Amino acid sequence: MAKLINGKEVSAAVKQRVKTETEKIISEKGVTPGLAVIIVGDDPASRVYVNSKKKACAEVGFKSFEYAMPKETKQEELLELVNKLNNDSEVNGILCQLPLPKHINENAVINAISAEKDVDAFHPFNVGKIMIGEFSFLPCTPAGVMELIDSTGTEISGKNCVVIGRSNIVGKPMAMLLLHRSGTVTICHSKTQNLAEICRNADILVAAVGKANFVTADMVKDGAVVIDVGMNRLENGKLCGDVDFENVEKKVSFITPVPGGVGPMTIAMLMQNTLTAAKMQNNI
Ligand code: GUN
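Count along the sequence shown starting at 1, add 72, and that's the number in the working numbering.
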């Protein structure tokens with residue numbers, strides 16, 4: 073029977089660290105970190121994420137600024153807002169919630185966010201820095217996964233690490249962070265042959281597929297550490313991950329639940345990045 077990795081507990085510890093440091097820079101330097109969150113359109117999942125991000129800002133003592141724009145917003149209008157926020161000294165971090173409506177080019181918006189305020193670490197400059205292992209910001213979800221793996225006391229160096237999924241937000245940066253810690257990393261995706269066999273070889277398995285119950289018990293090694301990044305809404309409204317939790321849990325040593333695993337970590341790491349941004353911009 074696996075031990076549950078409690079994302080709520082680990083994220084609470086990260087947020088507490090951020091809160092303590094925030095109190096210090098407010099009192100000693102008069103700097104209050106500020107995060108601007110942009111949401112375009114009315115995607116219900118995006119609305120939930122944005123609300124959670126604003127709530128976390130209040131918890132750690134940051135200012136937050138929400139910009140809710142209608143789904144018809146033109147790309148130029150969004151770029152104008154980003155430009156305004158780039159030049160606003162009260163705003164240390166800028167996050168534009170993805171996905172954006174189809175008529176807006178996401179890359180154009182990501183590229184427009186000043187690299188120093190890019191707390192998602194999506195800007196090509198920050199992506200490049202992650203690649204060479206010399207980063208200011210780590211991408212929030214992969215960084216949160218690393219914290220969760222570390223909370224189990226598992227050594228990553230030399231281990232077989234398998235990441236399922238190759239998105240720019242999770243799969244690719246996840247593989248890079250594991251590689252920086254000397255994992256032997258394999259990235260699997262929709263065209264991978266023998267996917268189950270590759271997964272069975274994983275000491276650390278990270279699932280970021282976006283398909284409910286994709287990882288079944290026959291695909292995991294006994295005693296593996298399994299991290300489930302998936303967040304799938306079933307027809308009955310229930311949230312579930314990419315891993316068939318009930319059956320996989322019996323075989324592995326550690327596993328994250330959904331919800332309450334990776335989700336809260338993403339937000340905690342965003343708080344950490346925003347604090348880093350505020351410190352960098354104020355030479356602290
Ligand atoms: N949409 C889903 N995940 C994320 C994220 O981490 N950041 C942003 N900006 N949008 C997202």
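Just so you know, even glycine gets a beta-carbon here, dropped at the ideal spot from N, CA and C. Note that this is a predicted model, so its numbers are computed, not measured.
Item                                                                                                                                                                : Value
Using 8 Å as the threshold, is the C-beta distance between Ala187 and Phe197 below it?                                                                              : yes
For Glu149 and Ser136, I'd like the C-alpha separation in whole angstroms.                                                                                          : 21 Å
Taking the alpha helix (DSSP H) that Phe197 falls in, what are its first and last residues?                                                                         : 196 to 203
Hey, quick one: how far does the beta strand (DSSP E) through Ser136 stretch, first residue to last?                                                                : 135 to 141
May I have the straight-line CA-CA distance separating Thr264 from Val235, to the nearest angstrom?                                                                 : 12 Å
Any chance the segment 89 to 99 sits against the segment 236 to 252, with 3 or more Cβ pairs inside 8 Å?                                                            : no
Based on the DSSP secondary-structure assignment, which residues constitute the bridge partners of Asn285?                                                          : DSSP output for Asn285 lists no bridge partner at all.
Thinking C-alpha only, which one of Lys126, Val82, Gly282, Glu206 is nearest Ile111?                                                                                : Lys126
Any chance the CB of Thr213 is under 7 Å from a heavy atom of the ligand GUN?                                                                                       : yes
In chain order, which continuous runs of the beta strand (DSSP E) of length 3 or greater are located wholly inside the segment 171 to 244?                          : 232 to 236
Would the beta-carbon of Gln169 be found less than 7 Å away from any heavy atom of the ligand GUN?                                                                  : yes
Under 8 Å Cβ to Cβ from Gly302, same chain only, skipping five residues before and after it: list those, please.                                                    : Ala279, Ala280, Val281, Gly282, Lys283, Ala284, Phe286, Cys312, Gly313, Asp314, Val315, Val330
Please list the terminal residues of the continuous beta strand (DSSP E) segment that includes Leu107.                                                              : 106 to 112
Grouping DSSP H, G and I as helix and E and B as strand, with all else coil, what is Asp290?                                                                        : helix
Kindly indicate which three-state DSSP category Lys75 falls into: helix, strand or coil?                                                                            : strand
For Cys260, list the residues DSSP reports as bridge partners.                                                                                                      : Ile236
For Gln147, which residues in the same chain have their Cβ closer than 6 Å to its Cβ, ignoring the five residues on either side in sequence?                        : Ile176
Can you determine whether any heavy atom of the ligand GUN sits closer than 7 Å to the C-beta of Thr39, and answer yes or no?                                       : The chain is shown from 73 up to 356; residue 39 falls before or after that span and cannot be answered.
For Gly200, I'd like the list of residues in its chain whose CB is within less than 7 Å of its CB, leaving aside the five on either flank, ordered along the chain. : none
Relative to the C-alpha of Lys174, which residue among Asn266, Leu151, Lys143 is closest?                                                                           : Lys143
Please confirm whether Lys231 and Gly255 have their CB atoms less than 8 Å apart.                                                                                   : yes
Indicate whether Ala274 and Asp290 have their beta-carbon atoms separated by less than 8 Å.                                                                         : no
Between the C-alpha atoms of Thr226 and Lys75, what's the straight-line distance to the nearest angstrom?                                                           : 13 Å
Since Gly243 and Thr338 should fall inside the 8 Å C-beta cutoff, what is the C-beta to C-beta distance between them, to a whole number of angstroms?               : Actually they are not in contact, since the Cβ atoms of Gly243 and Thr338 sit about 14 Å apart, beyond 8 Å.
Kindly indicate which three-state DSSP category Ala117 falls into: helix, strand or coil?                                                                           : helix
In terms of residues, what are the limits of the alpha helix (DSSP H) holding Gly335?                                                                               : 334 to 353
Near Ala130, which residues of its chain fall below 8 Å by C-beta distance, leaving aside the five closest residues on each side in sequence?                       : Ser136
Does Glu93 pass the burial test, meaning 16 or more other C-beta atoms within 10 Å, or should it be called exposed?                                                 : buried
Return the CA-CA distance between Tyr139 and Val154, expressed in angstroms with no decimal places.                                                                 : 10 Å
Quick check on Asn371: does DSSP put it in helix, strand or coil?                                                                                                   : Here the chain comprises residues numbered 73 to 356, so residue 371 is not present and cannot be evaluated.
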